[in-house]
């Protein structure tokens, strides 16, 4: 199948999924109710309030978070030529979680200060991974992965420790930061995450040829006029920013950045433009349905989103590792 | 004589206080096919890296069309110099066409798409290198010879005047060794190629630079550089230089029994 056809199909599926998702929830709404509410009709004010105040911001957040994590994963994987890189395994999420945990205790609650602290935490995690893998080991896929996982565990443990001792009822917060949820999202979250994801997507698309050139080797890219260090620095900074904004609002949602780019690559190829666009749409579609599942699987109770993505992701991760071993 | 396309003026490379390439000077004219030969560690690949900018100069200067390479941005340099080096197949599943298309990069801005002329240019380069039927094939399915031809195709798409080849015949069987060098000669570019096989250098190069321990020992025609005395001294093996009965070019035979282990 041609790439544009696959992308168009995904966009259509995403729109339909979005419409259906707005009907799912404790108050039962029909597609007609949702459609009329979206068009601004005041025939059913309750439906309008539910759609506009509760479900639509959450749906848009699910789309943005899924797209953002998938784009970040694709960028990290292509820029590092490491098919197992993703914001979670690179330590970015744990770093952002640590930053946000500290800020939630020390600073008055404010969306921007939380996001900024998460960003600093993510940068700290990247610096730690770089430090461990400095020199030749940076090129070894397994080495970066191990360093990322170690940093992840270390920073998550520190976050949990801080929250556990700083707050009397910390369990909820620990679960939130470790497992992620969209339950706290609102229009403010959309306003925070949307610009960060858009900037990452636009910059990555602008640098598409440079990103593709990195797929062969650093030296090969240099002979085409690319500065690999500067390129990676810019992209890593932006992926850290996106991860930080997502973590600050939704906690740590694992493995989306690993799984989605792999699946998208299989259908549309490895070069930057189809991969990034595919990740945007498929990442959004994936998280919309994961959130639907999280909201509706148990009666009157929501499953943290990260539990579902972790179950799927860990199985996926094992399959990839097995494939890599067979290929070797 | 027209001005040199490339001129090295006392170009040198030092790493951690150790001289990798001693100050050396020579000129390359448009259309030249120049071989860089020497034993392992002589500084052949480092010399190419100085020219393509992946390694900064420690001292001296390199002029391309009478303009210092130091004053060119990496993109300007990539528009004028293309490199083909030993690259293992990519981790991700790139196609032959996608790799060849990478050659467009230095000529494109952030918002530029590929034009129909670009597409034609990529197809032409693949046809010139005999890879047109493999355009959609994955790079990992190519043989060593095809992979080298693909990187040559990418260099053609890059439209650079100067082509740098780092050990283009490594890991290739005899047929592909000749094929790659014949193709490189037939592209009408100015070529600097690091070569291990002295007989290939004698057969295909207009001029040869002989490096030893980072120093330029000789630069000139194959007859001037490939003398038995000089080669025996540099490669530490007795050798004989004769004329090949078939093509009439120089033929070098080393006598390995003289090797001191």
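Chains as they are written, first to last, in the numbering used here: chain A, 6 to 333; chain B, 2 to 262.
Idealized CB from N, CA, C, for every residue including glycine.
These numbers come from a predicted model, not from an experiment.
Residue contact with chain B for residue 211/A: present (Cβ-Cβ distance below 8 Å to some residue of chain B).
In this structure, the straight-line span from the alpha carbon of residue 312/A to that of residue 118/B is close to 51 Å. Identification of chain B residues near residue 86/A by a Cβ-Cβ cut-off of 8 Å yields 91, 92 and 93, ordered along the chain.
Chain A places no beta carbon closer than 8 Å to that of residue 153/B, leaving this residue out of the contacts. Interface with chain B (8 Å Cβ-Cβ cutoff): residue 227/A is included. Contact annotation: residue 182/B and residue 152/B have beta-carbon atoms that are not nearer than 8 Å. Within the same chain, 55 come within 7 Å of residue 32/A by CB-CB distance, once the 5 residues on both sides are set aside. According to the DSSP assignment, residue 118/A belongs to the alpha helix (DSSP H) that extends over 116–137. Using a Cβ-Cβ cut-off of 9 Å, residue 79/B is close to 227, 228, 229, 230 and 231 of chain A, given in chain order. Proximity of chain A to residue 109/B at the Cβ level (cut-off 8 Å) is accounted for by 214, in chain order. Put simply, the CB of residue 217/A is near chain B, with a gap under 8 Å to one of its CB atoms. Contact annotation: in the stretch 53–71 of chain B, residues whose CB is within less than 9 Å of a CB in chain A are 53, 54 and 55. Under the three-state reduction of DSSP, residue 239/B is assigned to coil, being neither helix nor strand. Residues of chain A with a Cβ closer than 9 Å to the Cβ of residue 106/B are, in chain order, 214, 215, 217, 218, 226, 229, 230 and 231.
In terms of beta-carbon proximity, residue 206/A stays away from the interface with chain B, with every pair separated by 8 Å or more.
Within a 10 Å sphere around the beta-carbon of residue 20/A sit fewer than 16 other beta-carbons, which makes this residue exposed.
When Cβ-Cβ separations below 8 Å define contact, residue 86/B makes contact with chain A. Identification of chain B residues near residue 237/A by a Cβ-Cβ cut-off of 8 Å yields none; the smallest Cβ-Cβ distance measures about 15 Å. By the neighbour-count definition (other C-beta atoms within 10 Å, threshold 16), residue 245/A is a buried residue. The beta carbons of residue 12/B and residue 58/B sit closer together than 8 Å. When Cβ-Cβ separations below 8 Å define contact, residue 83/B makes contact with chain A. For the stretch 265–299 of chain A, residues whose beta-carbon sits nearer than 8 Å to a beta-carbon of chain B comprise 270, 274, 275 and 276. Residue 326/A sits exposed, since fewer than 16 C-beta atoms from the chains shown fall within 10 Å of its C-beta. When the beta-carbon positions are compared, residue 212/B and residue 50/B stay at least 8 Å from each other.
According to DSSP, residue pairing for residue 107/A in a beta bridge does not occur. Residue 204/B does not reach chain A, its nearest Cβ partner there being about 27 Å away, counting only Cβ pairs nearer than 8 Å. In the structure shown, residue 24/B falls within a strand segment according to DSSP collapsed to helix, strand and coil. Between residue 92/A and residue 81/A, the beta carbon gap of about 7 Å places them in contact (Cβ cut-off 8 Å). Between the C-alpha atoms of residue 266/A and residue 76/A there is a straight-line separation of about 8 Å. Membership of residue 99/B in the alpha helix (DSSP H) is indicated by the continuous run 97–102. Less than 8 Å separates the beta-carbon of residue 202/A from that of residue 247/A. In this structure, the alpha-carbon of residue 214/B lies about 11 Å from that of residue 236/B. By the CB criterion at 8 Å, residue 86/B and residue 167/B fall inside the cutoff.
For residue 5/B, there is no enclosing alpha helix (DSSP H), as DSSP marks it with neither H nor E.
The beta-bridge partner set that DSSP reports for residue 219/B consists of 211/B.
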